[in-house]
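Input: a single structure, listed below in structure tokens.
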Amino acid sequence: MFKKILIANRGEIASRIIRTCHSMGIETVAVYSEADANAPHVKLACEAYLIGKPRVNESYLNVEKIIEVAKRAKVDAIHPGYGFLSENSLFAKVCEENGFVFIGPTPEVIEKMGDKLQARLAMEAAGVPIVPGNSTPLFELEKAKEVAETIGFPLMLKASAGGGGIGMQVIQNMNDLEKLFDGNRKRAESFFGNGAMFLEKLIENPRHIEIQILADHKGNTVFLGERECSIQRRHQKVVEEAPSKFVDNQTRKNMGETAVKAAKSIGYSNAGTVEFIVDDEKNYYFLEMNTRLQVEHPITEEITGLDLVEQQIRIAFGELLNIQQSEVELKGHSIEVRIYAEDPVTFYPSPGKVTKLQLPTGENIRHELAIEEGLDVSPFYDPMIGKLIVTSNLREESIEKLARALDEYEIEGIKSNIPILKEIIRHPEFNKGNTTTSFINNYLSLSHK
Numbered sequence: 012m013f014k015k016i017l018i019a020n021r022g023e024i025a026s027r028i029i030r031t032c033h034s035m036g037i038e039t040v041a042v043y044s045e046a047d048a049n050a051p052h053v054k055l056a057c058e059a060y061l062i063g064k065p066r067v068n069e070s071y072l073n074v075e076k077i078i079e080v081a082k083r084a085k086v087d088a089i090h091p092g093y094g095f096l097s098e099n100s101l102f103a104k105v106c107e108e109n110g111f112v113f114i115g116p117t118p119e120v121i122e123k124m125g126d127k128l129q130a131r132l133a134m135e136a137a138g139v140p141i142v143p144g145n146s147t148p149l150f151e152l153e154k155a156k157e158v159a160e161t162i163g164f165p166l167m168l169k170a171s172a173g174g175g176g177i178g179m180q181v182i183q184n185m186n187d188l189e190k191l192f193d194g195n196r197k198r199a200e201s202f203f204g205n206g207a208m209f210l211e212k213l214i215e216n217p218r219h220i221e222i223q224i225l226a227d228h229k230g231n232t233v234f235l236g237e238r239e240c241s242i243q244r245r246h247q248k249v250v251e252e253a254p255s256k257f258v259d260n261q262t263r264k265n266m267g268e269t270a271v272k273a274a275k276s277i278g279y280s281n282a283g284t285v286e287f288i289v290d291d292e293k294n295y296y297f298l299e300m301n302t303r304l305q306v307e308h309p310i311t312e313e314i315t316g317l318d319l320v321e322q323q324i325r326i327a328f329g330e331l332l333n334i335q336q337s338e339v340e341l342k343g344h345s346i347e348v349r350i351y352a353e354d355p356v357t358f359y360p361s362p363g364k365v366t367k368l369q370l371p372t373g374e375n376i377r378h379e380l381a382i383e384e385g386l387d388v389s390p391f392y393d394p395m396i397g398k399l400i401v402t403s404n405l406r407e408e409s410i411e412k413l414a415r416a417l418d419e420y421e422i423e424g425i426k427s428n429i430p431i432l433k434e435i436i437r438h439p440e441f442n443k444g445n446t447t448t449s450f451i452n453n454y455l456s457l458s459h460k
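Quick note, this note's numbering runs 11 ahead of the 1-based positions in the sequence shown.
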């Protein structure tokens, strides 16, 4: 097994990975920016190295500095977490070239699945259902208009290299396309260095459901049930749960087997997630594949009893999967909410010192935290400061437990999105399981949209 791993990340995910490494007897190396000098992940690791100023391009995206630290600390492998460099094929390649195992899939797979058009083509070739649309890059409005007429409205305009909802827009008619195409193309170019766009038929009132898979280097692949991730604000997930109230056993089996087929078709290894758009009739269509650990991975861990970070490490070390599909058993119901340091009305980030932090406690209540009482929330990074995960035997019990936990969750010194989470969890439509991607627009106060 690896003796020492560098975690090329920060915040709650860095701490999460470090804890598993320590439980496996693996030494850990943290990296940090000047803004994170007192961060929890820095204190938790066996060793920690300053890699630059607060801005991400000078620290957490500084490949040269991270590799320099990996060499100095004599690590065996590098875990990228999620975000930052986790889906950067060049970083994965640089790790390998410098003799470090990248804990994730191969650079070639990361590159293929990181481009949405390449991914569409690969999935179509593998026989995986895809949303009707075009599979060639669009750079000019006139060509986009021709494609739109062929597919028919309403449509979803997407950036080929996009993520996080950037460059994504609902197009109801030709006027929308004329108004929005160039702006979204330029935004994609600015964020991703790639302005290629494409159009897909809009699946109205859909659900966003994803399948967690694990695959070793010999092609052994299993799926670990689904996660319901439909409650989103501006294409960013807010609440996730596993399993989905909407998915029946046969649909779960079908979607899982499709995800396994998708992974095998591209030679995937390590942990990954195949995301689907699902309509009211339970027809499902490939959306994208995340070639990394997901933010919401804890709810899968809670209902399967598996440590996904441990599985990632063992696969990267070359071990074969120690679980077969017939052995995967889903027990109970788990819900995760993301805690953000942001104004619950304006949604502006709310950096500052955390003067009080009192966390709910109890059986099967889990916290993943990027903060501590007395520490500052930096304005330089994503405002997610923690995740609250609750698990019970039944969904109704989990909802009740989560509602109580949110009432007990106290943060002072900064603002948080906890009021919004309370409103979601207590809404009758959430209790009914009517959790489509339009949930927030349909049911929450206007100020929360």
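Virtual Cβ for every residue (Gly too), placed ideally from N, Cα, C. Note that the structure is a prediction, hence the values are computed from the model and not measured.
In its own chain, which residues sit with a C-beta less than 8 angstroms from the C-beta of E312, not counting the 5 before and 5 after it? D318, L319
What are the complete beta strand (DSSP E) segments, minimum 3 residues, inside the region 323 to 395? 344 to 351, 367 to 369, 376 to 380
Best match in G316, I214, V348, A25 for proximity to G92 [C-alpha to C-alpha]: A25
Less than 9 angstroms separating the beta-carbons of L55 and T39? yes
What's the call for V181, buried or exposed, on a 16-neighbour Cβ count within 10 Å? exposed
Cα-Cα separation, E215 to F287: 14 angstroms
Enclosing alpha helix (DSSP H) for V306 [first to last residue]: Element bounds for V306: n/a, residue is neither H nor E.
If we ignore side chains and look at the alpha-carbon of each, how far apart do L213 and F164 end up? 8 angstroms
Could you tell me which residues DSSP puts in a beta bridge with G63? S44
Do the CB positions of I242 and F450 come within less than 9 angstroms of each other? yes
Going by CA-CA distance only, name the one from F209, T402, F192 that's closest to S171. F209
Specify the secondary structure class of T446 as computed by DSSP and reduced to three states. coil
Runs of alpha helix (DSSP H) wholly within the region 129 to 185 (minimum 4 residues, chain order): 152 to 162
Tell me which residues share the same chain as S458 and place their Cβ nearer than 7 angstroms to its Cβ, disregarding the 5 neighbours each side in the sequence. Below a pLDDT of 50, predicted positions are generally treated as unreliable, and S458, at 48, falls in that range; the measurement from the model is reported next regardless. Within the same chain, S458 has close Cβ partners V356.
Per the DSSP calculation, G283 is bridged to which residue(s)? I224
For the candidate residues P143, P140, A136, L168, whose alpha-carbon lies nearest to that of L149? L168
Quick check on this structure: which residue in D393, M300, S280, L96 has the alpha carbon closest to the alpha carbon of M124? M300
Please report the straight-line C-alpha distance between R27 and R83, rounded to a whole angstrom. 23 angstroms
K460 to T446 span [Cα, whole Å]: Because the pLDDT of K460 is 48, which lies under 50, any placement of that residue in the model is unreliable, and the number read from its coordinates should be weighed accordingly. Approximately 16 angstroms between the Cα atoms of the pair.
Between which two residues does the alpha helix (DSSP H) containing R83 stretch? 74 to 84
In terms of alpha-carbon separation, which member of S34, A46, A81, F13 lies closest to A19? A81
Spell out a yes or no on whether the region 219 to 238 and the region 272 to 290 are touching, meaning 3 or more CB-CB pairs, one atom from each, closer than 8 angstroms. yes
Once the 5 residues before and after H308 are set aside, which same chain residues still bring their CB inside 6 angstroms of it? L319
Outcome for N453 when other beta-carbon atoms lying within 10 angstroms are tallied against a minimum of 16: exposed
Rank L235, K197, K275, K272 by C-alpha distance to the C-alpha of N260 and give the top, closest one. L235
Report yes or no: do the region 344 to 356 and the region 48 to 66 share at least 3 C-beta pairs separated by less than 8 angstroms? no
Through-space distance from I410 to T147, alpha-carbon basis: 43 angstroms
Tell me the rounded alpha-carbon separation between P116 and G174. 19 angstroms
Does the beta-carbon distance from N428 to S403 come in below 9 angstroms? no
Between the Cα of F95 and the Cα atoms of H246, E340, V306, I435, which residue gives the shortest distance? V306
Reduced DSSP secondary structure (H/G/I, E/B, other) of V117: For the record, residue 117 in the displayed sequence is Thr; it is not Val. Reduced to three states, the DSSP call for T117 is coil.
Report yes if the C-beta of Q243 is less than 8 angstroms from at least one heavy atom of the ligand PLP; otherwise report no. Because no ligand of any kind appears in the structure shown, any question about the ligand PLP cannot be addressed here.
Using the Cα positions of K154 and C106, report the straight-line distance between them to the nearest angstrom. 40 angstroms
Take E7 as the anchor and find which of P371, V388, S100 has the nearest alpha-carbon. It is not possible to answer for residue 7, since the shown part of the chain is limited to 12 through 460.
Taking all protein chains shown into account, decide if E75 is buried (16 or more other Cβ within 10 angstroms of its Cβ) or exposed. exposed
If you run the structure through DSSP and keep just helix, strand and coil, what is A416? helix
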